[in-house]
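Read through the structure below, which is laid out as structure tokens, and then see the notes.
In this note's numbering, the protein residues as written are 30 to 240.
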């Protein structure tokens with residue numbers, strides 16, 4: 030039997046309206062397809078994004094404050110690399126080595142009579158480039174010459190030292206300057222890190238096609 034809503038008493042009508050309102054609100058809040066639910070999901074996503082951005086900003090702020098320190102450390106390492114490249118260059122640069130030797134000799138009043146390149150020797154991570162050097166000059170000047178070699182920008186090791194008094198130098202090849210008291214030879218060893226590139230082998234020409 031159908032019940033006419035209008036025939037109900039006012040308290041019953043009010044109760045039905047209240048129940049209907051609660052149902053509609055529940056549907057609006059909890060139904061997956063409801064606009065409220067969609068907005069809640071959108072809000073949660075935006076809040077998550079905001080938290081991530083705040084976290085990233087905090088991390089970036091830490092790095093921003095450390096940026097001068099990091100830049101200084103990078104520059105320090107770069108300076109060390111540059112210094113290492115000076116004392117152990119990548120290439121042979123034999124001309125620069127000879128210039129350093131002659132500069133140290135001229136500043137010490139020592140004469141370099143002969144400078145002969147010897148065979149390059151390969152090591153694990155570098156190459157040895159020795160030179161046989163013949164010098165003469167006053168004793169203290171020769172001593173200063175070796176001291177200057179130890180202070181040049183490129184590593185130069187001295188070995189196989191063979192010096193003698195010029196009084197024992199009968200049959201010498203070169204005229205000596207006044208004040209010269211010692212003469213002799215030694216091996217000056219310097220280093221580099223990269224092997225010289227060998228020229229590519231030429232491919233033999235193809236034989237002419239038979240006709």
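Even glycine gets a Cβ: it sits at the ideal position worked out from N, Cα and C.
What do you get for residue i, buried or exposed, if any count of 16 or more other CB atoms within 10 angstroms of its CB means buried?
| i | result |
| --- | --- |
| residue 176 | exposed |
| residue 185 | buried |
| residue 219 | buried |
| residue 211 | buried |
| residue 221 | buried |
| residue 153 | exposed |
| residue 136 | exposed |
| residue 72 | exposed |
| residue 118 | buried |
| residue 99 | exposed |
| residue 129 | buried |
| residue 91 | exposed |
Quick check on residue i - is its C-beta less than 8 Å from some C-beta in chain D?
| i | result |
| --- | --- |
| residue 212 | Judged by its chain identifiers, the structure shown contains no chain D, having just a single protein chain. |
On the DSSP bridge list, what partners appear for residue i?
| i | result |
| --- | --- |
| residue 219 | 158 |
| residue 214 | 163, 191 |
Whose C-beta lies closer than 7 Å to the C-beta of residue i among residues of the same chain, with five residues either side of it excluded?
| i | result |
| --- | --- |
| residue 157 | 149, 150, 218, 220 |
| residue 147 | 159, 160, 161 |
| residue 178 | 133, 185, 187 |
Apart from the five residues on each side of it in sequence, which residues of its chain come closer than 8 Å, Cβ to Cβ, to residue i?
| i | result |
| --- | --- |
| residue 193 | 211, 212, 213 |
| residue 168 | 210, 211 |
Kindly list the residues whose CB is nearer than 6 Å to the CB of residue i, restricted to its own chain and excluding five residues on each side of it in sequence; keep chain order.
| i | result |
| --- | --- |
| residue 173 | 137 |
- Can you check the segment 172-211 for any beta strand (DSSP E) of at least 3 residues that lies completely inside it and give the ranges in chain order? 186-194
*asked:* So, does the segment 140-147 touch the segment 100-107, judging by three or more C-beta pairs under 8 Å?
replied: no
At which residue ranges does the segment 100-181 contain complete beta strand (DSSP E) runs of 3 or more residues, listed in the order of the chain?
140-146, 156-166
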